[in-house]
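Since the structure comes first, as structure tokens, the remarks are kept for the end.
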Amino acid sequence: MRVKRNSIHGQWSSRWAFILAATGSAVGLGNIWRFPYITGTYGGGAFVLVYILCVLLIAMPIMMAEIMLGRRGRRSPINTMYVLAEEENLNRSWSYLGWLGVVAGFLILSFYSVVAGWTLDYIFRAGSGAFTNVADTAIVSIFDGLLASPERLMVTHSLFMALTVIIVSMGVQSGLERAVKFLMPALFILLVIMVGYAMATPGFKEGFAYLFEPDFSKLTGEGMLAAMGQAFFSLSLGMGAIMTYGSYLPSNASIARTTFSIAVADTCVAILAGIAIFPLVFSYGLQPNSGPGLIFVTLPIAFGQMPYGQIVGTGFFVLLLFAAWTSSISLLEPAVAWLVENRDMSRPRAAGLAGLIAWILGIGSVLSFNDWQDIRLFDKTYFDIMDYLTSNIMLPLGGLLLAIFASWQMPRSSSVDELKIGHGLGYQTWRFLVRYLAPLGVLTIFLNAIGLI
Ligand code: PFF
386 MRVKRNSIHG QWSSRWAFIL AATGSAVGLG NIWRFPYITG TYGGGAFVLV YILCVLLIAM
446 PIMMAEIMLG RRGRRSPINT MYVLAEEENL NRSWSYLGWL GVVAGFLILS FYSVVAGWTL
506 DYIFRAGSGA FTNVADTAIV SIFDGLLASP ERLMVTHSLF MALTVIIVSM GVQSGLERAV
566 KFLMPALFIL LVIMVGYAMA TPGFKEGFAY LFEPDFSKLT GEGMLAAMGQ AFFSLSLGMG
626 AIMTYGSYLP SNASIARTTF SIAVADTCVA ILAGIAIFPL VFSYGLQPNS GPGLIFVTLP
686 IAFGQMPYGQ IVGTGFFVLL LFAAWTSSIS LLEPAVAWLV ENRDMSRPRA AGLAGLIAWI
746 LGIGSVLSFN DWQDIRLFDK TYFDIMDYLT SNIMLPLGGL LLAIFASWQM PRSSSVDELK
806 IGHGLGYQTW RFLVRYLAPL GVLTIFLNAI GLI
């Protein structure tokens with residue numbers, strides 16, 4: 386018989402608080418920094434279409450599964466997978482899936498913190514008027530200059546990691562619930578302002594068409610893999626972050642409605658970021674495929690030219706920093722919850738230790754932009770490898786296994802009991818997607834990318 390469990394780490398005060406926290410985790414650098422640059426790398430419209438299909442058909446059903454498992458287990462992902470496997474008499478090795486997530490979390494946080502550091506640096510630059518009325522080429526040099534300096538990158542990487550550790554030490558609810566409540570809407574409003582600005586630039590039509598008119602000749606297997614990886618990355622799926630947050634979700638909250646709200650908010654932010662950025666790219670004669678620096682070059686040019694750009698620019702990077710912050714804490718939380726549960730550590734100690742590991746791993750990313758620039762594997766730097774390995778391989782693989790666990794291993798009665806949407810059409814659609822379509826989708830995209838189909 387199943388025992389009702391409570392989380393030792395506490396619970397969200399309401400479903401709304403969970404939506405805010407999970408949206409805080411989902412909306413971050415992935416939407417505003419990564420989505421536009423990956424879209425540019427893989428050619429625009431067709432990529433965006435595959436991305437949206439991946440969100441709807443693969444990521445959303447898996448997100449429901451992940452939240453459901455978290456709430457049922459009410460522990461860190463490693464222990465949740467263990468107790469659920471035990472409860473259903475399944476192989477206990479399913480707990481290794483929790484480990485895969487913890488490792489992915491460290492790897493993502495290590496480079497995420499470096500990029501969040503660029504944002505931190507740009508707050509001061511925008512604030513001091515460094516972008517105001519300067520030539521486009523000077524703005525490119527500012528970004529190149531930042532990447533060329535390991536010292537500057539280390540300072541902001543360290544600062545950001547410290548910020549992450551501080552919030553996780555305090556416990557996810559106290560600081561976080563309040564912060565997300567007004568920061569997310571503020572970021573949204575600022576993005577809308579940027580879209581308004583982009584609409585008035587001469588490149589608007591071209592930028593808009595680039596995003597929404599699919600040119601399938603540009604779509605490759607590699608691009609489809611990247612679109613799927615981006616869906617997992619952007620929704621914080623496949624590594625236990627959402628599972629951990631789900632473990633703090635009150636029992637009576639609707640998982641389906643919650644998932645829908647988070648996915649819609651996350652996708653809207655990514656698309657808005659795209660609409661704000663691509664018109665600027667074409668208006669200023671930049672290259673859409675210029676890589677990770679894309680927003681750090683285009684947006685400052687716009688801030689430098691628009692009225693009140695110094696204020697708008699500073700505000701934008703402050704909000705982006707907060708968006709990154711509410712995501713980074715969810716990357717650390719699964720490991721911290723496990724250390725508290727299994728190693729009997731206090732929260733601050735656990736957060737400090739986990740943060741230190743991610744910080745050390747991040748040094749490689751810092752150096753990959755300068756001193757280690759030429760150390761490459763398959764033409765990828767350390768930073769590229771971390772990003773590729775986690776988003777395109779570890780997260781979809783984690784998601785695939787979660788889907789298999791939730792729909793092939795766990796009995797139907799358990800998911801019916803936990804999802805609380807009855808047996809009707811809604812439940813059947815979810816079960817079909819998570820049992821057949823999502824796993825097959827992930828597998829097909831994997832095999833296609835390595836050229837096997
Ligand atoms: N979803 C975050 C973003 O889009 O910036 C990044 C992220 C957070 C990925 C948490 C994975 C994760 F578990």
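Under this note's numbering, the first residue of the sequence shown carries the number 386, and numbering increases by one thereafter.
The beta carbon of each residue, even a glycine, is placed where N, CA and C say it ideally should be.
Fair warning: this is a prediction, and the values are worked out from it, not measured in the lab.
Does the ligand PFF have even one heavy atom less than 7 Å from the beta-carbon of Leu-414? Here the question's residue 414 lines up with position 29 in the sequence shown. Flag set: Cβ of Leu-414 near the ligand PFF.
Reduced DSSP secondary structure (H/G/I, E/B, other) of Lys-566: Within the sequence shown, numbered from 1, the residue matching residue 566 stands at position 181. Helix at Lys-566.
Endpoints, the alpha helix (DSSP H) within which Tyr-693 is located: Position 308 of the sequence shown holds residue 693. Run containing Tyr-693: none; DSSP gives neither H nor E here.
Check: Phe-567 C-beta below 7 Å from any heavy atom of the ligand PFF: For this step, residue 567 is matched to residue 182 along the sequence shown. Checking the Cβ of Phe-567 against the ligand PFF gives no.
Within a Cβ cutoff of 7 Å, which residues of the same chain sit near Gly-486, ignoring the five residues on either side of it in sequence? Position 101 of the sequence shown, counting from 1, holds the residue named residue 486. These residues qualify, in order along the chain: Pro-462, Met-624, Gly-625, Pro-719 and Gly-783.
Give the straight-line distance between the Cα atoms of Ser-534 and Phe-597, rounded to the nearest whole angstrom. Translated into the one-based positions of the sequence shown, residue 534 becomes position 149. Translated into the one-based positions of the sequence shown, residue 597 becomes position 212. One C-alpha to the other measures close to 37 Å.
Go ahead and pull the three-state DSSP assignment for Lys-590. Counted from its first residue, the sequence shown places residue 590 at position 205. Judged by DSSP in its simplified three-state form, Lys-590 adopts helix.
My guess is that Leu-442 and Leu-825 are in contact by the Cβ rule of under 8 Å, so how many angstroms apart are they, rounded? Residue 442 sits at position 57 when you count from the first residue of the sequence shown. Residue 825 sits at position 440 when you count from the first residue of the sequence shown. No, Leu-442 and Leu-825 are not in contact; Cβ-Cβ is about 10 Å, not under 8 Å.
Touching or not, the stretch 701-715 and the stretch 499-514, by the rule of three or more beta carbon pairs under 8 Å? Enough Cβ pairs lie closer than 8 Å, so yes.
From the DSSP secondary-structure annotation, give me the bridge partner or partners of Leu-741. For the purposes of this step, residue 741 is taken as the residue at position 356 of the sequence shown. Answer by DSSP bridge pairing: none, since Leu-741 is not bridged.
Look up Leu-762 in the DSSP assignment and say whether it is helix, strand or coil. Taking the sequence shown and counting its residues from 1, the one referred to as residue 762 is at position 377. Here Leu-762 sits in strand by DSSP.
Leu-716: beta carbon under 7 Å from a heavy atom of the ligand PFF? Counting from one through the sequence shown, the residue named residue 716 turns up at place 331. Leu-716: yes, Cβ under 7 Å from the ligand PFF.
Closest to Thr-652 by CA distance: which of Ala-616, Ser-543 and Phe-516 is it? Indexing the sequence shown from 1 puts residue 652 at position 267. Residue Ala-616 is the option with its Cα nearest to Thr-652.
Do you know how far the Cα of Met-609 is from the Cα of Ser-602? Start at 1 with the first residue of the sequence shown, and residue 602 comes out as number 217. Start at 1 with the first residue of the sequence shown, and residue 609 comes out as number 224. Answer to the nearest angstrom: the Cα atoms are 13 Å apart.
Between which two residues does the alpha helix (DSSP H) harbouring Ala-499 extend? Translated into the one-based positions of the sequence shown, residue 499 becomes position 114. Checking the sequence shown, residue 499 turns out to be Val, not Ala. Where Val-499 is concerned, the enclosing alpha helix (DSSP H) stretches over 480-512.
Is the stretch 727-742 touching the stretch 569-581 in the sense that three or more CB pairs, one from each, lie closer than 8 Å? no
Met-730, DSSP secondary structure in three states: On the sequence shown, position 345 is the one that residue 730 refers to. Reduced to three states, the DSSP call for Met-730 is coil.
DSSP three-state call for Pro-635: helix, strand or coil? Start at 1 with the first residue of the sequence shown, and residue 635 comes out as number 250. It is coil, neither helix nor strand.
Under 8 Å, with one C-beta from each stretch per pair, do the stretch 710-729 and the stretch 475-490 reach the 3-pair mark? yes
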